[in-house]
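Novice: The structure under discussion is supplied below as structure tokens; questions concerning it will follow.
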Amino acid sequence: MQELQLRDIHEAVRPAFWPPAAGWWWLALAAILLVLVLGWWLRRRRRYRQALLKLFDETLAQAADNPARVLAISGLLRRAARRHDRAADTLEGEAWLAFLNQGLIDAPFKAEVATLLLQGGFRADVDAQQLQVLQALARRRFLLWMGVRP
């Protein structure tokens, strides 16, 4: 038998770290685009939320007194409810309150707040503290129906 002459094994040159392969460039480009689109979407969403809050606050600021503020709150809630369900703005009384509480865990539109919302616009005197509670609940519900987290 013939003897073969063996040579030393030489490892191949490792690929360089830079420049990366084309797939890595595409992945980096996709990541950058994703960050840009996400930033644009978040900015747009924040502006929409700020516009809704401004609308809510300006509508209440234009009301002359507390009963007018209650009517303004009711109008804003009905406006937002129409976006959620077309027939919602025609609801009255207990049906309207049940619709307001729909989907909320603690059902906040009850007792004094419910009475204030239903009758407060027709009263001569409205308690400022109850109005603040109603305003906070209405703002939360308004934002939820308009598709924004409160």
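Counting along the sequence shown from 1, when you hit position 133 you're at 132 in the numbering used here, and nothing is skipped either side.
We put the beta carbon where it would ideally sit given N, CA and C, even for glycine.
(1) Using the rule of at least 16 other Cβ atoms within 10 Å of the residue's Cβ for burial, across every protein chain shown, is I72 buried or exposed?
(2) Do the region 80-88 and the region 125-139 touch if we need at least three Cβ pairs shorter than 8 Å?
(3) Is the Cβ-Cβ distance between D59 and R68 less than 8 Å?
(4) Alpha carbon to alpha carbon, how far is G119 from R44?
(5) Starting from V69, trace the alpha helix (DSSP H) in both directions and tell me its first and last residue.
(6) Expressed to the nearest angstrom, what Euclidean distance is found between the alpha-carbon atoms of D64 and K109?
(7) Quick check on this structure: which residue in R6, G102 and D124 has the alpha carbon closest to the alpha carbon of R139?
(8) Roughly how many whole angstroms lie between the Cα atoms of W17 and W24?
(9) Mapping the DSSP letters down to three states, classify V125 as helix, strand or coil.
(10) For P66, is the classification buried or exposed, using 16 other Cβ atoms within 10 angstroms of its Cβ as the cut-off for buried?
(11) Determine whether the beta carbon atoms of F98 and A113 lie at a separation below 8 Å.
(12) Pull up the distance between the alpha-carbon of V125 and that of L143, whole angstroms please.
Specialist: Based on what the coordinates show:
(1) buried
(2) no
(3) Sequence check: residue 59 is Leu here, not Asp. For L59 and R68, yes; Cβs fall inside 8 Å.
(4) 33 Å
(5) N65 to H83
(6) 23 Å
(7) G102
(8) 11 Å
(9) coil
(10) buried
(11) no
(12) 26 Å
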